[in-house]
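Asker: Residues 96 to 285, numbered by my numbering, are exactly what the sequence shown covers, in order.
Built from N, CA and C at the ideal position, the CB exists for glycine as well.
In this text the structure is predicted, and so the values were computed from the model without any measurement.
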Amino acid sequence: MLDLFDTPILPGLASTPDLITSVEEQALIDAIEATDLMPFRFQAWTGKRLTASFGFHYDFETHRVARADPIPDWLEPVRRRAARFAGLEPDALIQILLIRYDPGAGIGWHRDRPIYEHVVGLSLGAPADLPFRRRRADGGFDRATMPLAPRAAYHLSGEARHDWEHSITEMDQPRWSITLRSASTRWRAD
96 MLDLFDTPIL PGLASTPDLI TSVEEQALID AIEATDLMPF RFQAWTGKRL TASFGFHYDF
156 ETHRVARADP IPDWLEPVRR RAARFAGLEP DALIQILLIR YDPGAGIGWH RDRPIYEHVV
216 GLSLGAPADL PFRRRRADGG FDRATMPLAP RAAYHLSGEA RHDWEHSITE MDQPRWSITL
276 RSASTRWRAD
C-alpha cells in the first residue's frame, strides 16, 4: 500500500490489488467452505473465527509447532502467485492458514509467531481494514491502517512484520482469508 507519493505506509508492507480474479475468488471461498474448519483456540479461549492449517500448525496451548496436513493441490496456484508477489520461492511458504470470519469475528492485536518470517495474506469476500500499531517510548502508539479489498494481497516483512502489531476488527459481513508464511531462519522443521 502506497501513499500519495508512492511511499509505503510502513517499511516492509507491500500490497497488490487483484492477485486473483473474481471467478477464482469464488472458487477459493467454495473450497474453504468445503474444508474442515475448526474454531480458533488460544489456550482456554475459543475464538469466533474458523480456521484450518496446512503444512505446519502452531499450538497455542503447548507453544509448539507441529506438522499439519499437507498443503492441498487446490492451494498451489495461490501459493505460487503469493510467492511471486513476495519475491519468494513457492516452497518457502511452508504454512497456509485458512480463516472464515463470520459476523462478529476479528483478530486482536498480535505479531505472527517468531518461527515465521514472511507473511503474505489474501483477502476474500467482504472488504476489511488491517490496522497496525507500534508502541512509542512515551507509552502511546504510532498507528497506520491498510484497507484490504477483496482479492487483494499484502506482504509483511522487515519492520512491518517484526516491529508493528496488526489486527482485524470485528466483521459485520462474512470474510475469508488465506495467510501464507515462510519459516524464520532461526527455526528448523523436524
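If you follow the alpha helix (DSSP H) that GLY253 is in, where does it begin and where does it stop?
Answerer: In the sequence shown, residue 253 corresponds to position 158, counting from 1. Per DSSP, GLY253 belongs to the alpha helix (DSSP H) from 253-257.
Asker: Can you name the start and end residues of the beta strand (DSSP E) that ILE189 belongs to?
Answerer: Position 94 of the sequence shown, counting from 1, holds the residue named residue 189. First-last of the beta strand (DSSP E) with ILE189: 188-196.
Asker: Between ARG297 and GLU265, what straight-line distance do the alpha-carbon atoms span, to the nearest angstrom?
Answerer: As displayed, the chain neither begins before 96 nor continues past 285, which places residue 297 out of reach and without an answer.
Asker: Taking just the CA atoms, how far does LEU225 sit from GLY201?
Answerer: The residue given as residue 201 occupies position 106 in the sequence shown. The residue given as residue 225 occupies position 130 in the sequence shown. Their backbone Cα atoms lie some 11 Å apart in a straight line.
Asker: In the DSSP assignment, what residue or residues form a beta bridge with HIS250?
Answerer: Mapped onto the sequence shown, residue 250 falls at position 155. DSSP, once it has assigned bridges, lists ALA109, VAL215 as partnering HIS250.
Asker: Can you tell me whether DSSP reads ALA239 as helix, strand or coil?
Answerer: Indexing the sequence shown from 1 puts residue 239 at position 144. Strand at ALA239.
Asker: With a cut-off of 8 Å on the beta carbons, I'd call PRO222 and PRO245 a contact; round off their distance for me.
Answerer: Counting from one through the sequence shown, the residue named residue 222 turns up at place 127. Counting from one through the sequence shown, the residue named residue 245 turns up at place 150. At roughly 6 Å, the Cβ-Cβ gap stays under 8 Å, so PRO222 and PRO245 are in contact.
Asker: Sort ASP131, ILE273, GLY203 by Cα distance to TYR249 and report the nearest one.
Answerer: Against the sequence shown, residue 249 aligns to sequence position 154. Of the candidates ASP131, ILE273, GLY203, the one whose C-alpha sits nearest the C-alpha of TYR249 is ILE273.
Asker: Assign ILE302 to one of three DSSP states: helix, strand, or coil.
Answerer: Since the first residue shown for the chain is 96 and the last is 285, residue 302 is missing from the structure and cannot be characterised.
Asker: Alpha carbon to alpha carbon, how far is ILE115 from GLN268? Give it in angstroms, no decimals.
Answerer: For the purposes of this step, residue 268 is identified with residue 173 of the sequence shown, where counting begins at 1. For the purposes of this step, residue 115 is identified with residue 20 of the sequence shown, where counting begins at 1. Spanning the two alpha carbons is a distance of roughly 21 Å.
Asker: Is the distance from the Cβ of TYR211 to the Cβ of ARG144 below 8 Å?
Answerer: The residue you call residue 211 lines up with position 116 of the sequence shown. The residue you call residue 144 lines up with position 49 of the sequence shown. No, the pair does not count as a contact, with Cβ atoms beyond the cut-off.
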